[in-house]
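Asker:
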Amino acid sequence: MKPGLIEVIAFLAKEMPAHAAQVESPFLRKQLGATGMALTIISQEIDRAVPRRLEENAAIRAIFRTALSVVTDPALERSLAEEALRQEDDLRLSSLEAENDRLRELLIQLHACVETISNPAAYALNETIWQELRLQTERRRTSFLKI
Amino acid sequence: MPEPVGLQELNERLSAYIEFKSPEEGKAIIGGLQRLPGGSSREMYRFHLRRQSTGGEESTARALILRKDPPGQGLVAASERRAEFGVIRALRGTDVPVPDVFWLEEDAAHLGAPFFVLAEITGCETNGALFSKLPYSAVRNSIAESKWSILGKLARLDPETLGLTSLLPVTAPEECWQRELAFWETMVENNRLGPQPITSATIRYLRRHPLPPPHRLSIVHGDYRTGNFLFGSDGKVHGVLDWEMAHLGDPLEDLAYSLSRQWALGDMTLRGNLAPLEIAIAQWERASGMVVDQEALRWWRLFSTVKCQGLWASGAAGWRSGLTPDMVMVMAAWSCGATHEREALELMDHL
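See below:
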């Protein structure tokens with residue numbers, strides 16, 4: 013069987029520190045070390061990148077659907093309704109990433125709005141958003157995360 | 358944009374500059390010039406300088422550091438080398454150990470970019486991972502005491518007596534937090550890594566909870582963390598480096614920044630791989646003569662997560678635009694940013 017993408021990247025990630033140790037320039041040594049760390053993260057991320065974004069985009073859209081009964085700002089409500097109905101039709105990572113960015117941008121607007129509303133539904137939605145934000149850090153967890 | 362300069366050319370131009378600045382000391386002979394990692398907002402080089410008189414006599418070699426502006430924008434676009442140089446010079450002779458400073462040059466004609474030269478403090482380390490290994494693990498507590506005591510002593514110094522109120526912007530004490538938050542919010546915004554919901558929520562939280570004025574207006578280092586101080590196997594900190602973000606402000610800003618989880622390397626229960634949170638705070642309080650307001654400290658710790666996101670965003674923007682090849686900028690944006698997000702959640706009781 014031919015070597016797989018993850019296998020090769022993980023191998024290169026381990027190779028870098030060994031090469032770095034033989035380099036005289038402190039700057040290049042650090043550069044190779046950091047490259048090795050970056051490759052480690054890529055090797056950890058590559059397999060889950062698409063499902064992670066699909067999962068996250070769906071979770072944010074679910075929040076938008078709940079928010080429709082909470083927010084009263086017409087423009088925000090319209091944006092939430094549009095995004096809540098959208099579905100991914102392009103599974104390339106770059107497209108999913110762009111979609112994720114757009115959704116997270118709107119999530120910021122929603123969160124800021126919800127914080128200004130004083131009623132039980134808004135409090136509950138606020139908690140749901142914080143829970144989702146915590147999950148987003150879990151979905152992005154790499155071996156270098158310190159908390 | 359200043360032109361990039363290769364190592365050989367840099368050697369020649371630096372020699373010529375030093376001879377130009379101090380012709381009475383003879384020919385300047387530079388050896389061992391090499392670029393160092395770190396110093397993310399400035400390129401950093403180490404070299405040895407000997408002077409040769411017209412009679413051919415050579416002085417002993419002096420270990421020096423060149424801090425030169427990068428070809429493009431560094432981590433902190435607004436950093437002022439004149440202020441950095443002036444702060445280091447003002448602190449010489451105080452309880453805060455800093456290197457000797459020599460030349461400050463703002464004319465890019467000499468080395469392709471403005472720069473300054475300072476003494477290298479030799480025989481020390483900056484790598485915080487070493488705190489877990491002998492001989493440093495044996496003196497870890499002593500290094501911790503030295504680290505946070507020096508920071509406390511910095512907070513005690515009077516900026517006016519040191520002439521720093523004419524060098525650094527003076528802000529009304531009650532406006533310190535607003536100035537810093539506005540600056541770093543702009544840094545995050547101008548160097549966008551993409552939407553950052555946690556950082557945005559943190560900024561809103563900080564604005565909803567304004568701070569009371571600090572005990573006093575102090576000299577704030579601005580980047581007091583592992584990697585920016587030199588320690589020895591004697592358990593002492595011998596030099597505090599990288600003053601490019603120094604300013605006058607609330608001394609709790611520095612303490613909070615130094616306590617970030619990001620600077621843990623190895624033992625995650627220790628701040629900066631050196632001491633538990635409470636011990637570090639107590640060491641700072643003893644040296645500063647101030648009692649920490651825990652709510653204010655929490656505010657500044659949250660602020661530090663925003664500030665660091667601004668730093669990493671700025672560095673990543675520099676890497677993406679090709680201004681720096683430094684892969685540390687990529688790693689910081691990927692990895693450090695995630696840690697600061699988790700830290701912000703933790704501090705706001707959402708983790």
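Chains A and B, in that order, are what the protein sequence lines are.
Heads up: the first sequence begins at 13 in my numbering, then just goes up one per residue.
Heads up: the second sequence begins at 358 in my numbering, then just goes up one per residue.
C-beta: ideal position from N, C-alpha, C; glycine also.
By DSSP's criteria, residue 586/B is part of a beta bridge. Which residues make up the other side?
Answerer: Position 229 of the second sequence, counted from the first residue, corresponds to residue 586/B. DSSP, once it has assigned bridges, lists 597/B as partnering residue 586/B.
Asker: Rounded to the nearest angstrom, what separates residue 613/B and residue 24/A at their Cα positions?
Answerer: The residue you call residue 613/B lines up with position 256 of the second sequence. The residue you call residue 24/A lines up with position 12 of the first sequence. Taking the straight line from one Cα to the other gives about 37 Å.
Asker: For residue 544/B, report the span of its alpha helix (DSSP H) as first-last.
Answerer: As a first step, residue 544/B is located in the second sequence; it is residue number 187 there, counting from the start. Note, residue 544/B: alpha helix (DSSP H), 533-547.
Asker: Can you give me the C-alpha to C-alpha distance between residue 504/B and residue 596/B, rounded to a whole angstrom?
Answerer: Here residue 504/B refers to the residue found at position 147 of the second sequence. Here residue 596/B refers to the residue found at position 239 of the second sequence. Taking the straight line joining both Cα atoms gives about 10 Å.
Asker: Can you pull the chain A residues whose beta carbon is under 8 Å from the beta carbon of residue 673/B, in chain order?
Answerer: As a position in the second sequence, residue 673/B is number 316, starting the count at 1. Near residue 673/B there are no residues of chain A at all, since even the closest Cβ is about 12 Å away, more than 8 Å.
Asker: What is the DSSP secondary structure of residue 410/B, counted as helix, strand or coil?
Answerer: Numbered from 1 along the second sequence, position 53 holds the residue referred to as residue 410/B. Coil.
Asker: Count the other CB atoms within 10 Å of the CB of residue 443/B; is the residue buried (16 or more) or exposed (fewer)?
Answerer: Position 86 of the second sequence, counted from the first residue, corresponds to residue 443/B. The residue in question, residue 443/B, is buried, as its Cβ has 16 or more Cβ neighbours within 10 Å.
Asker: Using a Cβ cut-off of 8 Å (strictly closer), state whether residue 92/A contacts chain B.
Answerer: Residue numbering aside, residue 92/A sits at position 80 when the first sequence is read from its first letter. With 8 Å as the cut-off, residue 92/A does not count as an interface residue toward chain B.
Asker: Less than 8 Å between the C-beta atoms of residue 700/B and residue 159/A, yes or no?
Answerer: Position 343 of the second sequence holds residue 700/B. Position 147 of the first sequence holds residue 159/A. Cβ distance < 8 Å, so residue 700/B and residue 159/A count as in contact.
Asker: Pull up the CB-CB distance for residue 606/B and residue 533/B, whole angstroms please, since I reckon it's below 8 Å.
Answerer: Here residue 606/B refers to the residue found at position 249 of the second sequence. Here residue 533/B refers to the residue found at position 176 of the second sequence. The Cβ separation is near 4 Å, so the contact holds.
Asker: Using a Cβ cut-off of 7 Å, pull out every chain B residue sitting near residue 127/A, in sequence order please.
Answerer: Translated into the one-based positions of the first sequence, residue 127/A becomes position 115. Per Cβ cutoff of 7 Å: 561.
Asker: Let me know the secondary structure DSSP gives residue 104/A once reduced to three states.
Answerer: As a working note, residue 104/A is residue 92 in the first sequence. Three-state result, residue 104/A: coil.
Asker: Using a Cβ-Cβ cut-off of 7 Å (strictly less than) and excluding sequence neighbours within five positions of residue 364/B, which residues of its own chain qualify?
Answerer: Residue 364/B sits at position 7 when you count from the first residue of the second sequence. Result list for residue 364/B: 390, in chain order.
Asker: Does the CB of residue 157/A have a neighbour CB from chain B at under 8 Å?
Answerer: For the purposes of this step, residue 157/A is identified with residue 145 of the first sequence, where counting begins at 1. Closer than 8 Å to some Cβ of chain B, the Cβ of residue 157/A qualifies, so yes.
Asker: Check distances from the C-beta atoms of the region 657-684 of chain B to those of chain A and list, in chain order, the residues that come in under 9 Å.
Answerer: Within the region 657-684 of chain B, the residues whose Cβ lies closer than 9 Å to some Cβ of chain A are 682, 683 and 684, listed in chain order.
Asker: Counting C-beta neighbours from all protein chains within 10 Å, is the total for residue 659/B 16 or more, i.e. buried, or is it exposed?
Answerer: For the purposes of this step, residue 659/B is identified with residue 302 of the second sequence, where counting begins at 1. Residue 659/B comes out buried.
Asker: In three-state DSSP terms, what is residue 146/A?
Answerer: Reading the first sequence from its first residue, position 134 is the one you call residue 146/A. It is helical.
Asker: If we call anything under 8 Å between Cβ atoms a contact, is residue 577/B one with residue 586/B?
Answerer: Stepping through the second sequence from its first residue, residue 577/B is reached at position 220. Stepping through the second sequence from its first residue, residue 586/B is reached at position 229. Result no, Cβ atoms of residue 577/B and residue 586/B do not sit closer than 8 Å.
Asker: Between the C-alpha atoms of residue 542/B and residue 657/B, what's the straight-line distance to the nearest angstrom?
Answerer: Sequence index remark: in the second sequence, residue 542/B carries index 185 (1-based). Sequence index remark: in the second sequence, residue 657/B carries index 300 (1-based). When rounded, the distance between both Cα atoms is 14 Å.
Asker: To the nearest angstrom, how far is the alpha carbon of residue 381/B from that of residue 420/B?
Answerer: Counted from its first residue, the second sequence places residue 381/B at position 24. Counted from its first residue, the second sequence places residue 420/B at position 63. One C-alpha to the other measures close to 20 Å.
Asker: Note down, one range per segment and in chain order, each alpha helix (DSSP H) of at least 4 residues found wholly within the region 647-690 of chain B.
Answerer: Those alpha helix (DSSP H) runs which fall completely within the region 647-690 of chain B and span 4+ residues are 651-677 and 684-688.
Asker: Considering only their Cβ atoms, is the gap separating residue 507/B from residue 591/B smaller than 8 Å?
Answerer: In the second sequence, the residue the question calls residue 591/B occupies position 234. In the second sequence, the residue the question calls residue 507/B occupies position 150. Cβ distance not < 8 Å, so residue 591/B and residue 507/B don't count as in contact.
Asker: From the DSSP output, in three-state form, read off residue 574/B for me.
Answerer: Numbered from 1 along the second sequence, position 217 holds the residue referred to as residue 574/B. It is coil, neither helix nor strand.
Asker: Counting only beta-carbon separations shorter than 8 Å, does residue 628/B have a partner in chain A?
Answerer: Position 271 of the second sequence, counted from the start, is the residue given in the question as residue 628/B. Closer than 8 Å: no.
Asker: What does residue 458/B pair with, by DSSP beta-bridge criteria?
Answerer: Along the second sequence, one-based indexing puts residue 458/B at 101. In the DSSP output, where bridge partners are listed per residue, residue 458/B has 475/B.
Asker: Looking at chain B, which residues of the region 53-77 of chain A have a Cβ within less than 7 Å of any of its Cβ atoms?
Answerer: So the list reads 53, given in the order they occur along the chain.
Asker: For chain B, is any of its Cβ atoms less than 8 Å away from the one on residue 39/A?
Answerer: Numbered from its first residue, the first sequence carries residue 39/A at position 27. With 8 Å as the cut-off, residue 39/A counts as an interface residue toward chain B.
Asker: According to the neighbour-count rule (16 or more other Cβ atoms, all chains shown, within 10 Å of its Cβ), is residue 549/B buried or exposed?
Answerer: Position 192 of the second sequence, counted from the first residue, corresponds to residue 549/B. It is exposed - the Cβ of residue 549/B has fewer than 16 other Cβ atoms within 10 Å.
Asker: Flag this pair as yes or no: are the beta carbons of residue 18/A and residue 154/A separated by less than 8 Å?
Answerer: Looking up residue 18/A in the first sequence gives position 6. Looking up residue 154/A in the first sequence gives position 142. No; because the gap between Cβ atoms is not below 8 Å, this pair is not in contact.
Asker: Of all Cβ atoms in chain A, is any one closer than 8 Å to the Cβ of residue 435/B?
Answerer: Here the question's residue 435/B lines up with position 78 in the second sequence. Confidence at residue 435/B is low in this model, with a pLDDT of 40, below 50, so the placement of that residue should be treated as unreliable; the coordinate-derived value is given next. No, no contact with chain A.
Asker: So is residue 371/B buried or exposed if we call it buried at 16+ other beta carbons inside 10 Å?
Answerer: As a first step, residue 371/B is located in the second sequence; it is residue number 14 there, counting from the start. Answer is buried; the Cβ neighbour count reaches 16.
Asker: Is the CB of residue 431/B under 8 Å away from at least one CB in chain A?
Answerer: Residue 431/B sits at position 74 when you count from the first residue of the second sequence. Reliability of the predicted coordinates at residue 431/B is poor, the pLDDT of 46 falling under 50, and no value is obtained from them.
Asker: Select from the region 574-598 of chain B all residues with a C-beta closer than 9 Å to any C-beta belonging to chain A, and list them in chain order.
Answerer: Flagged: no residues at all.
Asker: Quick check on this structure: which residue in 437/B, 636/B, 554/B and 449/B has the alpha carbon closest to the alpha carbon of residue 616/B?
Answerer: Within the second sequence, residue 616/B is the residue found at index 259, counting from 1. If we check each option's Cα against that of residue 616/B, 636/B comes out closest.
Asker: May I ask you to verify whether the region 476-485 of chain B touches the region 451-465 of chain B, counting CB pairs closer than 8 Å and requiring at least 3?
Answerer: Contact between the region 476-485 of chain B and the region 451-465 of chain B is present, because at least three Cβ pairs lie under 8 Å.
Asker: Interface residues of chain B around residue 154/A at Cβ under 9 Å?
Answerer: Position 142 of the first sequence, counting from 1, holds the residue named residue 154/A. Near residue 154/A (Cβ distances below 9 Å), the residues of chain B are 691, 692 and 695.
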